[in-house]
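**Student:** First the structure, then my questions, so here it is.
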Ligand SMILES: Nc1nc2c(ncn2[C@@H]2O[C@H](COP(=O)(O)OP(=O)(O)O)[C@@H](O)[C@H]2O)c(=O)[nH]1
Ligand SMILES: [Mg+2]
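This is the structure in C-alpha cells:
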C-alpha cells in the first residue's frame, strides 16, 4: 500500500491506473487506500463540467487542456458517461476528442461508466480525482453528463462548477435554472459559431448573468463572488454568505474562440477556491457527502432487510385497517432499521472524540 502510494506520488502512470481500478472495487485493502487518499489530499480544487450529451464538453475540455499545458499545468481529467459501458461508444468518443493529449505524460484521462453502478458514481469520481491530486495533477477536471434533474450528482463534488449549454442542447432555461443554478459558477454557451446560439446566449444572459441573489442550497455557505462580471470589488463585502455570482460566457470550443476568457474566469474561481477558509468548507462538504452516501447506503440496506422480514406482516395489516398512520409506521420501520444497524456494528458508537449520551 505504502509503495503504491509512493509510486503514484512519484508520477508512475501505471501505478496510478492500477490504483484507479482498485478504488473502483471493495475490500479491506481498498478501504485503507481510500482512507489514505482522503487524508493526503484536499488542496487542489476540482473543476466540474456538466451539460447535456453532445453539447461539446469534451471538446471544450480539450481546448482548455491545450491552454493549460501551455502554462505547464499538469492536468488530470475524469470523463463520466452515464449511458455507456466502459468500452462503449461515447467514452471512446471522449478519448478520441482528447486524443492529442493522450500521449502527453502530463495529462491523464480516466473514463468512468455509470451503467450498473447504482449511485456509486460520485464516490468513484471522488476517489479517482484524489488519485490524480496525489499524482500532482492540478487542476483536476471532471466531465459529467446532466442537466436539470440530475441523478448523477457529480456537480456537487466539484469546487468550481461549469454548466455547458448549446443551441439545441438544453434550451429549456427554466429547467436548467431550477436544477443547476445553485451549483453553477460559470454557465457556458458553446457552439457560438452556429446562428441559433445568439438567441440562447441572450436568454442565458438574462436568466443567469449578474445574478447575486442565488441561494446556495446545496453548498455550504461561503462568500464566493468572482467579480469579473462588472461590479466593483467594493460590493463584495456587502454580498451575504448565501449569495453568489454566476458568470456567463459564449465560446466556440471547436475553434477555441472564447476559451482563453473562460480559462481566465476558471483560474479566478480556482484562486478563490484555494483561499484557506473556502478550501476548508469545500473539503468538509466533500467529505460530508461521502459520509452521507455511505451512511445512506447502510441504512437503506438495513431498511430493506427489516421490510422483508415476514413478522412485519402484522404491522402492514394494522396500517391497512387504519389502526395507525403511515408516518407512525414509517417511523417504526426506520427506527428498527437503525437499531439493526447498531446491533451489527456496536463499535459505531465509539467514534473517537464523541461523548456518549
Ligand atoms: N459547431 C460546433 N460544434 C462543436 C463545437 N464544439 C464541439 N462541437 C461538436 O459537438 C459534438 C459533440 O462534442 P463533444 O465534445 O463530444 O460533446 P460532449 O458530449 O458534451 O462531450 C462534436 O461533433 C463536436 O465536434 C463548437 O464550438 N461548434
Ligand atoms: Mg464528452
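Residue numbers (the numbering used here): 345 to 701. Think of the CB as a built atom: it goes at the ideal place given N, C-alpha and C, for glycine as much as any other residue. Fair warning: this is a prediction, and the values are worked out from it, not measured in the lab.
#1: In chain order, what residues of the same chain have a beta carbon less than 8 angstroms from the beta carbon of residue 548, not counting five sequence neighbours either side?
#2: Please find out if some non-hydrogen atom of ligand 2 comes closer than 6 angstroms to the beta-carbon of residue 401.
#3: Could you say if the region 402-410 and the region 476-490 meet the contact criterion of at least three C-beta pairs nearer than 8 angstroms?
#4: So, with DSSP's three-state summary, where would you put residue 479?
#5: Taking the continuous alpha helix (DSSP H) assigned at residue 455, which residues delimit it?
#6: Looking only at C-alpha atoms, which of 542, 383, 391, 529 sits nearest to residue 419?
#7: In three-state terms, what does DSSP make of residue 392?
#8: Helix, strand or coil, according to DSSP, for residue 558 in the structure here?
#9: Give me, in chain order, the residues of the same chain whose beta-carbon lies closer than 6 angstroms to that of residue 351; leave out the 5 immediate sequence neighbours on both sides.
#10: What is the rounded straight-line gap between the Cα of residue 689 and the Cα of residue 644?
#11: What first and last residue would you give for the alpha helix (DSSP H) that runs through residue 547?
#12: Mind checking whether residue 453 and residue 421 have CB atoms under 7 angstroms apart?
#13: Can you give me the C-alpha to C-alpha distance between residue 607 and residue 416, rounded to a whole angstrom?
#14: For residue 512, verify whether its CB is less than 6 angstroms away from any heavy atom of ligand 1.
#15: How do the region 622-629 and the region 396-404 stand: do at least 3 beta-carbon pairs fall below 8 angstroms, yes or no?
#16: Any idea what DSSP makes of residue 512, helix, strand or coil?
#17: Is residue 594 buried or exposed, if buried means 16 or more other CB atoms sit within 10 Å of its CB?
#18: Would you mind working out which of 632, 683, 686, 640 sits nearest residue 470, comparing C-alpha positions?
#19: So who's on the other strand from residue 594, going by DSSP bridges?
#20: Taking its Cβ as the centre, do 16 or more other Cβ atoms sit within 10 Å of residue 666, making it buried, or is it exposed?
#21: With the cut-off set at 7 angstroms, would you say residue 527 and residue 389 are in Cβ contact?
#22: Only counting the same chain, and skipping five residues up and downstream in sequence, which positions put a Cβ closer than 8 angstroms to that of residue 414?
#23: When every heavy atom of ligand 1 is checked, does at least one fall within less than 6 angstroms of the C-beta of residue 398?
#24: For residue 662, which residues of its own chain have a beta-carbon under 6 angstroms away from its beta-carbon, when the five flanking residues on both sides are left out?
#25: Quick check: does the Cβ of residue 597 come within less than 6 angstroms of any heavy atom belonging to ligand 4?
#26: To the nearest angstrom, report how far apart residue 374 and residue 367 are at their CA atoms.
#27: For residue 474 and residue 609, which I take to be in contact (beta-carbon distance under 8 angstroms), what is that distance rounded to the nearest angstrom?
#28: Go ahead and pull the three-state DSSP assignment for residue 589.
#29: When burial is assigned at 16 or more other CB atoms within 10 Å of the CB, is residue 535 buried or exposed?
#30: Start and end of the beta strand (DSSP E) containing residue 487?
#31: Would residue 346 be called buried (16 or more neighbouring beta carbons within 10 Å of its own) or exposed?
#32: Would you check if the distance between the CB atom of residue 681 and the CB atom of residue 650 is smaller than 7 angstroms?
#33: Tell me, please, which residues DSSP counts as bridged to residue 355.
#34: Who does residue 423 pair with in a DSSP beta bridge?
#35: Mind checking whether the beta-carbon of residue 535 lies closer than 6 angstroms to any heavy atom of ligand 1?
#36: Check the C-beta distance from residue 529 over to residue 603 and give it rounded, since I have them as a contact under 8 angstroms.
**Tutor:** This is what the structure gives:
#1: Taking the chain shown and counting its residues from 1, one reaches residue 548 at position 204. So the qualifying residues of the chain are 509, 517, 531, 533, 592.
#2: Here the question's residue 401 lines up with position 57 in the chain shown. Yes, since a heavy atom of ligand 2 falls inside the 6 angstroms radius drawn around the Cβ of residue 401.
#3: yes
#4: For this step, residue 479 is matched to residue 135 along the chain shown. If DSSP states are grouped into helix, strand and coil, residue 479 belongs with coil.
#5: Within the chain shown, residue 455 is the residue found at index 111, counting from 1. Element bounds for residue 455: not the alpha helix (DSSP H) but the beta strand (DSSP E), 451-457.
#6: As a first step, residue 419 is located in the chain shown; it is residue number 75 there, counting from the start. For the residues 542, 383, 391, 529, the minimum Cα distance to residue 419 belongs to 391.
#7: Mapped onto the chain shown, residue 392 falls at position 48. Strand, per DSSP.
#8: Along the chain shown, read from residue 1 onward, the residue named residue 558 stands at position 214. With a pLDDT of only 42 at residue 558, under 50, the local geometry of the prediction cannot be trusted, and no value is derived from it.
#9: Here the question's residue 351 lines up with position 7 in the chain shown. Here the set comprises 359.
#10: Here the question's residue 689 lines up with position 345 in the chain shown. Here the question's residue 644 lines up with position 300 in the chain shown. Put simply, the backbone Cα of residue 689 is about 15 angstroms away from that of residue 644.
#11: Taking the first residue of the chain shown as 1, we reach residue 547 at position 203. 541-552 is the extent of the alpha helix (DSSP H) around residue 547.
#12: The residue given as residue 453 occupies position 109 in the chain shown. The residue given as residue 421 occupies position 77 in the chain shown. Cβ distance < 7 angstroms, so residue 453 and residue 421 count as in contact.
#13: Numbered from its first residue, the chain shown carries residue 607 at position 263. Numbered from its first residue, the chain shown carries residue 416 at position 72. Roughly 14 angstroms between the two C-alpha positions.
#14: Residue 512 sits at position 168 when you count from the first residue of the chain shown. Checking the Cβ of residue 512 against ligand 1 gives no.
#15: Counting Cβ pairs under 8 angstroms, fewer than three are found: no touch.
#16: Counting from 1 along the chain shown, the entry for residue 512 is found at position 168. Looking at residue 512 - three-state DSSP - the assignment turns out to be coil, as it is neither helix nor strand.
#17: Taking the first residue of the chain shown as 1, we reach residue 594 at position 250. Buried: at least 16 other Cβ atoms inside 10 Å.
#18: Against the chain shown, residue 470 aligns to sequence position 126. Per the Cα distances, 632.
#19: In the chain shown, residue 594 corresponds to position 250, counting from 1. For residue 594, which the question treats as bridged, DSSP gives the partners 533.
#20: Your numbering for residue 666 matches position 322 in the chain shown. It counts as exposed.
#21: On the chain shown, position 183 is the one that residue 527 refers to. On the chain shown, position 45 is the one that residue 389 refers to. Contact: no.
#22: Your numbering for residue 414 matches position 70 in the chain shown. Hits under 8 angstroms: none found.
#23: Counted from its first residue, the chain shown places residue 398 at position 54. True, at least one ligand heavy atom lies under 6 angstroms from that Cβ.
#24: Walking along the chain shown from the start, residue 662 turns up at place 318. Result list for residue 662: 668, in chain order.
#25: Looking at this structure, you won't find ligand 4 anywhere; what it does contain is ligand 1 and ligand 2.
#26: Here residue 374 refers to the residue found at position 30 when the chain shown is read from its first residue. Here residue 367 refers to the residue found at position 23 when the chain shown is read from its first residue. Their backbone Cα atoms lie some 6 angstroms apart in a straight line.
#27: To locate residue 474, count along the chain shown from 1; it is residue 130. To locate residue 609, count along the chain shown from 1; it is residue 265. Actually they do not touch by this definition, with Cβ atoms about 25 angstroms apart.
#28: What you label residue 589 is simply residue 245 of the chain shown in a count that begins at 1. Coil at residue 589, not helix or strand.
#29: Numbered from its first residue, the chain shown carries residue 535 at position 191. Buried.
#30: Position 143 of the chain shown, counted from the start, is the residue given in the question as residue 487. Counting along the chain, the beta strand (DSSP E) containing residue 487 begins and ends at 484-489.
#31: What you label residue 346 is simply residue 2 of the chain shown in a count that begins at 1. Residue 346 should be labelled exposed.
#32: For the purposes of this step, residue 681 is identified with residue 337 of the chain shown, where counting begins at 1. For the purposes of this step, residue 650 is identified with residue 306 of the chain shown, where counting begins at 1. For residue 681 and residue 650, yes; Cβs fall inside 7 angstroms.
#33: Stepping through the chain shown from its first residue, residue 355 is reached at position 11. Answer is none; residue 355 lacks a bridge partner.
#34: By one-based count along the chain shown, residue 423 stands at place 79. Residue 423 is bridged to 455, 487.
#35: Position 191 of the chain shown holds residue 535. Because some heavy atom of ligand 1 lies under 6 angstroms away, the Cβ of residue 535 counts as near it: yes.
#36: Position 185 of the chain shown, counted from the first residue, corresponds to residue 529. Position 259 of the chain shown, counted from the first residue, corresponds to residue 603. About 16 angstroms; that fails the 8 angstroms criterion.
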